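First up is the structure itself, then whatever we jot down about it.
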Amino acid sequence: MKKQSHGGARSGAGRKKNTGKFKEDTKVIRVPVSLLDSVKSSLELYKSQLKSNVKVLLPVGDAVDISLPIFTSRVQAGFPSPADDHLEDTLDLNTHLIHHKESTFFVKSQGESMLGAGIHPGDILVVDKSLIAKSGKIVIAMVDGEFTVKRLNKYKGKITLKAENPEFKDIVINEGSELIIWGVVTSVIHQYV
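Printed below as a string of structure tokens:
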């Protein structure tokens with residue numbers, strides 16, 4: 105029998121473990137065509153976060169309707185009176201916070217550059233990719249491969265990503281800089297406990 109000189113298993117051959125795009129094992133799956141863009145977008149977002157310190161949570165999926173009561177009385181640093189049990193309506197946080205489910209995702213903030221805008225470390229930002237990033241809006245942006253959350257400022261043809269804390273510098277987008285706006289921050293979820 106003739107011995108083959110090529111093919112077959114070789115010690116040390118092949119891709120090294122955890123060295124691919126995602127730094128972990130991957131698996132081939134079949135994806136419905138209607139979800140292809142959403143899956144690709146999620147994977148690109150995940151791949152980008154591997155290069156930065158921003159932790160992106162998964163895009164918004166199908167949410168369960170959880171409607172909670174809203175009292176008609178206003179709260180002035182107090183609590184609704186037990187005698188005032190008249191409900192005006194109910195509130196479902198999914199419909200209140202998410203207006204375009206297919207293009208909305210969550211991201212957890214880090215750092216203190218946006219404290220003046222009410223964004224604290226660990227807050228969850230609700231981000232909508234379908235909104236146009238207008239001057240004055242808070243955006244999730246990637247500048248030269250690094251994620252950041254800043255207020256977008258467009259003035260006389262110049263783009264600046266402004267920090268909301270005087271301890272941090274603004275990011276001026278110069279010619280040659282790569283800027284990708286991932287979405288507009290629509291809400292901030294801040295927990296006290």
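Quick note on this note's numbering: the sequence shown kicks off at 105 and runs consecutively.
A virtual CB, placed ideally from N, CA and C, is assigned to each residue, including glycine.
Predicted, not measured: the structure shown is a model, and the values here were computed from it.
Alpha carbon to alpha carbon, how far is residue i from residue j?
{"i": "Thr264", "j": "Val247", "result": "11 Å"}
{"i": "Asp141", "j": "Leu219", "result": "34 Å"}
{"i": "Phe126", "j": "Phe210", "result": "20 Å"}
{"i": "Gly124", "j": "Lys151", "result": "10 Å"}
{"i": "Lys238", "j": "Asp274", "result": "17 Å"}
{"i": "Val137", "j": "Ser145", "result": "13 Å"}
{"i": "Ala221", "j": "Leu139", "result": "34 Å"}
{"i": "Ala267", "j": "Val276", "result": "11 Å"}
{"i": "Gln295", "j": "His203", "result": "22 Å"}
{"i": "Thr208", "j": "Thr199", "result": "12 Å"}
Leaving out five residues before and five after residue i in sequence, what residues of the same chain have Cβ atoms less than 8 Å from its Cβ?
{"i": "Ser291", "result": "Leu201, Leu229 and Val230"}
{"i": "Glu148", "result": "none"}
{"i": "Tyr259", "result": "Ser239"}
Pop quiz: residue i and residue j are said to be a contact at Cβ under 8 Å. What is the actual Cβ separation, rounded to whole angstroms?
{"i": "Val289", "j": "Val253", "result": "7 Å"}
{"i": "Ser217", "j": "Asn278", "result": "Not really, about 19 Å apart at Cβ, beyond 8 Å."}
{"i": "Val132", "j": "Val143", "result": "That belief does not hold up - the Cβ atoms of Val132 and Val143 are roughly 13 Å apart, past 8 Å."}
Going along the chain, which residues of its own chain have a beta-carbon closer than 6 Å to the beta-carbon of residue i, five neighbours each way excluded?
{"i": "Ile223", "result": "Ser213 and Val292"}
{"i": "Gly330", "result": "Any answer about residue 330 is impossible in this case: the structure gives the chain only from 105 up to 297."}
{"i": "Lys241", "result": "Leu256 and Val288"}
{"i": "Phe272", "result": "Ser217"}
Using only CA atoms, which one of the options lies nearest to residue i?
{"i": "Ile236", "options": "Ser146, Arg114 and Ile285", "result": "Ile285"}
{"i": "Thr130", "options": "Arg114, Lys121, Ser145 and Ser234", "result": "Lys121"}
{"i": "Gly280", "options": "Glu271, Leu139 and Lys262", "result": "Lys262"}
If I measure Cβ to Cβ from residue i and keep anything under 7 Å in the same chain, skipping five residues before and after, which residues do I get?
{"i": "Gly215", "result": "Pro225"}
Every unbroken beta strand (DSSP E) within the region 185 to 236, with a cutoff of 3 residues, ordered by chain: 191 to 196, 208 to 212 and 228 to 232
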